[in-house]
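Enquirer: Input: one structure, supplied below.
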Amino acid sequence: MPKLASVVVDLVTTATNKPFTYSIPESLADQVHCGTKVRVPFGHRVLSGYVVPETPEPVANIRPIKAVLGQGFFSEEGWQLAKWVADRYLCYLVEALHLVLPPGSSDRLSLEQRVEYVGLAITEAEAKALIEKLAVRAPAQVRLLTALVSGGAQPRLELLRQTKAAASSLKSLLARGAVKTWVQVTDGSNKDHLEVIPPSSDPPVLTPDQERALAAIMPALKAQRSKVFLLHGVTGSGKTEVYLRVLAAVLAKGRSGIVLVPEIALTPQMQERFVGRFGNQVAMLHSGLKDRERYAEWQRIRRGQAQVVVGARSAIFAPLSNIGAIILDEEHETAYKQEESPRYHARDVALWRAQQNKAVTILGSATPAVTTYFKAQGEDDHFCLLTLPRRIAHRPLPQVNVVDMRQELLAGNLSIFSRQLQDELSRVLAAGQQAILFLNRRGHSTFVLCRRCGLVAECPHCELALTFHKAKRRLICHHCGYSKPAFDTCPSCGSSYVRDFGCGTERVVSEVERLWPRARVLRLDADTSARRGATDSIVNAFAQGQADILVGTQMVAKGLDIKRVTLVGVISADLTLNLPDPYAWERTFQLLEQVSGRTGRGEMPGRAIFQTYTPHHASIVAAQRHDYIGFYTMELKRRKRHLYPPFAEIILLRALAPIEKTAIKLLHQVSSVLIADKEVIVEGPTPSPFLKVGDKYRWQLLVKGPDLTAVRQQLAAAWPELTAAAGRVQARLTVDVDPLSYL
Ligand code: ADP
Ligand code: ZN
Ligand code: ZN
């Protein structure tokens with residue numbers, strides 16, 4: 001009886017969404033373990049797959065594994081994590097497995113590289129004779145032989161590249177018996193250049209608040225208890241220093257740690273703080289890396305050469321073992337949730353891994369998610385609240401003024417800047433200080449309209465207004481990316497009364513340049529930061545004082561710690577407030593509090609100005625007063641009334657189809673597989689707020705209940721049938737567990 005293995009094949013379909021049983025040929029017996037990548041026959045095809053530590057189901061007609069491609073792609077914990085993700089977020093097993101695989105995981109990127117070599121199978125003299133014989137008829141084969149005679153055996157791909165020979169020429173030589181091939185295993189490690197960076201900074205003396213927080217965390221660390229701490233610290237209160245001390249303690253115990261930061265906060269400033277303290281024990285995982293660099297970092301982590309991983313969302317899957325602490329900075333950030341399948345939330349993954357590793361979790365924020373703060377309020381000793389209520393060095397929190405833009409209009413001020421903001425900007429510029437201007441919309445204007453015939457430039461695929469981008473001279477759809485050249489004369493009536501309305505970051509820059517011609521302005525948004533490394537260079541230039549004013553979208557609201565910034569201006573606090581999204585109020589409060597936190601971080605006190613048409617809105621008032629608890633109390637009541645988390649679990653199901661009726665019908669079918677339960681509320685089908693994006697109509701179904709475990713099981717069971725039904729009508733069904741975006 002041959003030994004058997006369970007294999008998950010690398011194919012995303014409902015039919016392949018489970019491990020399959022294969023036999024292990026004698027010759028491969030010592031290479032097949034959990035995490036081995038293999039080639040297996042599947043129906044009439046041959047597929048890649050991964051060996052997983054599940055008991056193989058006995059089945060008829062067991063076929064053998066064809067080949068081993070590499071080993072050590074994931075650990076036992078990695079597989080358990082993938083299973084948990086698939087179950088929790090209703091995605092395919094192999095999709096979840098891809099989260100724990102090495103980045104860019106092709107076969108070449110296995111831990112042990114398997115390189116195919118080619119060498120002469122005959123003597124040099126025989127080879128030379130053959131070269132003579134083939135000289136005219138087969139020049140490619142001659143080049144191959146010549147290279148092998150002069151250079152000796154070499155990797156197949158390099159040989160082919162160097163001689164510009166086709167694989168078929170090599171095959172002919174193989175058939176002649178002139179050459180042979182074999183596979184050589186290398187671990188690739190000799191190619192890594194490990195830069196040794198010694199720790200550089202001396203840690204500061206902790207403040208009493210920091211001491212207190214650390215003292216609360218240490219016992220759990222020592223006892224290896226998987227306790228969770230919410231570190232609620234105002235902006236500039238020194239949360240990062242607490243993280244650093246926790247990590248130092250973890251390393252001293254020979255354990256490892258993960259620090260997650262929102263991608264856009266992963267500035268060189270932030271990286272320096274960790275590398276400065278822990279040198280090259282730190283591995284960085286962020287989108288600024290090239291695939292090869294990212295893979296090299298992954299390997300360092302896997303081999304235990306880096307014990308501290310600092311990275312964005314997906315770094316939570318880093319192949320560390322023996323984790324002692326997991327830290328999520330700015331834990332409320334929506335960037336921790338992946339918006340495509342698998343729609344996981346890094347916070348939940350963190351809690352799962354911490355539990356497995358008996359690690360502490362630290363969730364840090366000045367504006368914790370309402371759901372997180374609620375948990376930390378509970379009686380549960382497992383989840384506790386720590387606070388840093390003051391800024392470092394008794395610096396005051398910025399004074400915030402709210403400006404009612406309706407009054408500006410009444411006073412005849414049509415500018416996008418209120419009189420107060422103009423005065424403050426002039427003051428900052430005169431004093432040689434710096435300012436940040438925040439507007440959560442890129443481009444020049446929100447829509448383009450012909451004032452003669454009323455035509456509004458719309459996206460043909462989304463039926464939504466196009467945004468004018470002045471620098472590119474194009475009209476761009478912010479939903480699907482469609483764009484076309486901007487026009488000065490109306491394409492419909494030919495008039496020249498075409499005007500753009502509304503305001504984006506580009507227009508803020510033009511206005512600053514018009515009003516303060518000598519001011520040096522930088523813009524940071526998705527348009528200016530698209531190029532690799534562009535974010536870093538813009539932030540660096542501003543931090544070094546090469547500009548007076550930084551204008552940007554929410555990219556400027558996070559993480560920046562620049563001492564000469566004494567003014568933050570929010571051009572329109574209402575932008576995010578009025579979105580048809582249950583979390584719009586929370587997000588607005590968080591954004592305002594975070595962005596105002598960028599000012600007054602040095603010796604000079606800071607000030608913030610919020611421009612709004614709704615100055616009495618609860619989110620705005622709470623942010624003005626830095627009153628987190630006030631906001632939390634109000635928002636919690638609202639959540640309870642409308643049954644949103646933490647009082648309910650939510651699953652958002654969406655149907656996308658070229659015909660609107662198809663989408664609706666499909667959702668009725670989804671709804672019909674849910675077993676009636678008086679605790680579970682099903683809302684819809686209703687049209688999604690953005691009804692049509694990229695030629696697809698979008699309708700949705702919202703499922704709410706105190707516990708949706710049963711609903712998840714019902715959906716999982718029905719999913720093969722539902723996706724098949726969707727496929728038949730060119731539609732797509734998506735499922736989002738604990739959704740953060742309702743648009
Ligand atoms: P937060 O993450 O809470 O916004 P930071 O960790 O960025 O705050 O700290 C704000 C500033 O105070 C940073 O420049 C940091 O280097 C400095 N800092 C932190 N802790 C101390 C301390 N104990 N003594 C002196 N400076 C500190
Ligand atoms: Zn017109
Ligand atoms: Zn579009």
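Using our numbering, read the sequence shown as starting at 1 and increasing by one per residue.
Every residue, glycine too, gets a C-beta built ideally from N, C-alpha and C.
Would a C-beta distance cut-off of 9 Å place residue 729 and residue 659 closer than the cut-off?
Expert: Along the sequence shown, one-based indexing puts residue 729 at 729. Along the sequence shown, one-based indexing puts residue 659 at 659. Result yes, Cβ atoms of residue 729 and residue 659 sit closer than 9 Å.
Enquirer: Between residue 342 and the rest of its own chain, which residues show a CB-CB distance below 6 Å, the 5 nearest in sequence each way excluded?
Expert: For the purposes of this step, residue 342 is taken as the residue at position 342 of the sequence shown. Result list for residue 342: 85, 89, 91, 95, 96, in chain order.
Enquirer: Return the Cβ separation of residue 7 and residue 38 in integer angstroms, given the expectation that the two are a contact with Cβ distance under 8 Å.
Expert: Position 7 of the sequence shown, counted from the start, is the residue given in the question as residue 7. Position 38 of the sequence shown, counted from the start, is the residue given in the question as residue 38. Confirmed, Cβ separation roughly 6 Å.
Enquirer: Along the chain, where does the alpha helix (DSSP H) that runs through residue 640 open and close?
Expert: Sequence index remark: in the sequence shown, residue 640 carries index 640 (1-based). Taken as a continuous stretch (DSSP letters only), the alpha helix (DSSP H) holding residue 640 covers 628–642.
Enquirer: Ordered along the chain, which non-local residues of its own chain (more than five positions away) have a Cβ less than 7 Å from that of residue 611?
Expert: As a first step, residue 611 is located in the sequence shown; it is residue number 611 there, counting from the start. Annotation for residue 611: 403, 405, 418, 421, 570, 571, 572, 573 place their beta carbon closer than 7 Å to its own, counting only its chain and skipping 5 residues before and after.
Enquirer: For residue 221 versus residue 350, is the C-beta spacing smaller than 9 Å?
Expert: Here residue 221 corresponds to residue number 221 of the sequence shown, with the count starting at 1. Here residue 350 corresponds to residue number 350 of the sequence shown, with the count starting at 1. Not closer than 9 Å, so no.
Enquirer: So is the beta-carbon of residue 206 under 8 Å away from any non-hydrogen atom of ligand 1?
Expert: Taking the sequence shown and counting its residues from 1, the one referred to as residue 206 is at position 206. Indeed, a heavy atom of ligand 1 lies less than 8 Å from the Cβ.
Enquirer: Residue 739: which of 649, 721, 473 sits nearest, CA to CA?
Expert: Mapped onto the sequence shown, residue 739 falls at position 739. Nearest option by C-alpha distance: 649.
Enquirer: Taking 8 Å as the cut-off, is the C-beta of residue 234 nearer than that to any heavy atom in ligand 1?
Expert: As a working note, residue 234 is residue 234 in the sequence shown. Answer for residue 234: yes, Cβ within range of ligand 1.
Enquirer: What does the shell around ligand 2 hold, if a residue joins when its beta-carbon is under 6 Å from any heavy atom?
Expert: My final list is 450, 452, 453, 455, 490, 492, 493, 495.
Enquirer: How many whole angstroms separate the CB atoms of residue 673 and residue 714, which I take to be in contact at a CB cut-off of 8 Å?
Expert: Translated into the one-based positions of the sequence shown, residue 673 becomes position 673. Translated into the one-based positions of the sequence shown, residue 714 becomes position 714. Between residue 714 and residue 673 the Cβ distance is about 6 Å, and since that is below 8 Å, they are a contact.
Enquirer: Assign residue 665 to one of three DSSP states: helix, strand, or coil.
Expert: Your numbering for residue 665 matches position 665 in the sequence shown. Reduced to three states, the DSSP call for residue 665 is helix.
Enquirer: Using the three-state DSSP reduction, which class does residue 184 fall into: helix, strand or coil?
Expert: The count along the sequence shown starts at 1 and reaches residue 184 at position 184. Residue 184: strand per DSSP, three-state reduction.
Enquirer: Helix, strand or coil: how does DSSP classify residue 463 here?
Expert: Within the sequence shown, the letter at position 463 stands for residue 463. In the structure shown, residue 463 sits in coil (DSSP, three-state: anything other than H, G, I, E or B).
Enquirer: Select from 741, 508, 675 the residue whose C-alpha is nearest the C-alpha of residue 717.
Expert: On the sequence shown, position 717 is the one that residue 717 refers to. Ranking 741, 508, 675 by Cα distance to residue 717 puts 675 first.
Enquirer: Run through the DSSP bridge pairs and tell me what residue 361 is partnered with.
Expert: Indexing the sequence shown from 1 puts residue 361 at position 361. Paired residues: 228, 326.
Enquirer: Since I believe residue 474 is in contact with residue 485 (beta carbons under 8 Å), could you give me their beta-carbon distance rounded to a whole number of angstroms?
Expert: Walking along the sequence shown from the start, residue 485 turns up at place 485. Walking along the sequence shown from the start, residue 474 turns up at place 474. Rounded, the Cβ-Cβ distance is 6 Å, consistent with contact.
Enquirer: By DSSP, does residue 352 sit in helix, in strand, or in coil?
Expert: Along the sequence shown, read from residue 1 onward, the residue named residue 352 stands at position 352. Correct three-state label for residue 352: helix.
Enquirer: Please work out which residues of its chain come closer than 8 Å, Cβ to Cβ, to residue 723, disregarding the five sequence neighbours upstream and downstream, and give them in chain order.
Expert: Position 723 of the sequence shown, counted from the start, is the residue given in the question as residue 723. Cβ within range, chain order: 14, 733.
Enquirer: For the alpha helix (DSSP H) containing residue 405, name the first residue and the last one.
Expert: Working through the sequence shown from its first residue, we reach residue 405 at position 405. 405–410 is the extent of the alpha helix (DSSP H) around residue 405.
Enquirer: Count the other C-beta atoms from every protein chain shown that fall within 10 angstroms of the C-beta of residue 668, then say buried if there are 16 or more, exposed otherwise.
Expert: By one-based count along the sequence shown, residue 668 stands at place 668. It is exposed - the Cβ of residue 668 has fewer than 16 other Cβ atoms within 10 Å.
Enquirer: May I ask which residues mark the beginning and end of the beta strand (DSSP E) holding residue 383?
Expert: Position 383 of the sequence shown, counting from 1, holds the residue named residue 383. Segment 383–388, the beta strand (DSSP E) holding residue 383.
Enquirer: When the Cα atoms are used, what is the spatial distance from residue 99 to residue 19?
Expert: Counted from its first residue, the sequence shown places residue 99 at position 99. Counted from its first residue, the sequence shown places residue 19 at position 19. About 17 Å.
Enquirer: Just to confirm my understanding: we take residue 731, look at its own chain, exclude 5 residues before and 5 after, and list those with CB closer than 7 Å. What are they?
Expert: Within the sequence shown, the letter at position 731 stands for residue 731. Hits under 7 Å: 655, 656, 657, 662, 663, 666.
Enquirer: The beta strand (DSSP E) spanning residue 301 covers which residue range?
Expert: Along the sequence shown, one-based indexing puts residue 301 at 301. Per DSSP, residue 301 belongs to no beta strand (DSSP E); it is in the alpha helix (DSSP H), 291–302.
Enquirer: Taking its Cβ as the centre, do 16 or more other Cβ atoms sit within 10 Å of residue 686, making it buried, or is it exposed?
Expert: Taking the sequence shown and counting its residues from 1, the one referred to as residue 686 is at position 686. It counts as exposed.
Enquirer: Jot down the residue ranges of each uninterrupted beta strand (DSSP E) in the segment 651–731, minimum 3 residues, whole runs only, in chain order.
Expert: The segment 651–731 is shown to contain whole beta strand (DSSP E) runs of 3 or more residues at 681–693, 696–705, in chain order.
Enquirer: Applying the criterion that 16 or more other CB atoms from any shown protein chain within 10 Å of the CB defines a buried residue, is residue 736 buried or exposed?
Expert: Here the question's residue 736 lines up with position 736 in the sequence shown. With 16 or more other Cβ atoms within 10 Å, it is buried.
Enquirer: Using CA atoms only, rank isn't needed, just tell me which of 466, 145, 337, 2 is closest to residue 693.
Expert: Walking along the sequence shown from the start, residue 693 turns up at place 693. When each option's Cα is compared against that of residue 693, the closest is 466.
Enquirer: DSSP beta-bridge partners for residue 607?
Expert: Taking the first residue of the sequence shown as 1, we reach residue 607 at position 607. BP columns for residue 607 point to 399, 567.
Enquirer: Are the C-beta atoms of residue 504 and some chain C residue less than 9 Å apart?
Expert: Any reference to chain C falls outside this structure, which holds one protein chain only.
Enquirer: Among the candidates 407, 408, 225, 536, whose CA atom is the shortest distance from the CA of residue 381?
Expert: As a first step, residue 381 is located in the sequence shown; it is residue number 381 there, counting from the start. For residue 381, the nearest C-alpha among the options comes from 225.
Enquirer: Using the Cβ count rule (16 or more neighbours within 10 Å means buried), how would you classify residue 505?
Expert: Along the sequence shown, one-based indexing puts residue 505 at 505. So residue 505 ends up on the buried side.
Enquirer: Within the continuous alpha helix (DSSP H) that includes residue 219, where are the two ends?
Expert: Indexing the sequence shown from 1 puts residue 219 at position 219. Per DSSP, residue 219 belongs to the alpha helix (DSSP H) from 208–223.
Enquirer: For the pair the segment 231–247 and the segment 383–392, tell me if three or more CB-CB distances fall below 8 Å.
Expert: In short, these stretches touch, since the Cβ pair count reaches three.
Enquirer: Run the proximity test for residue 93: is its beta-carbon closer than 8 Å to any non-hydrogen atom belonging to ligand 1?
Expert: Residue mapping note: residue 93 aligns to position 93 of the sequence shown, counting from 1. Not so, every heavy atom of ligand 1 lies at least 8 Å from the Cβ.
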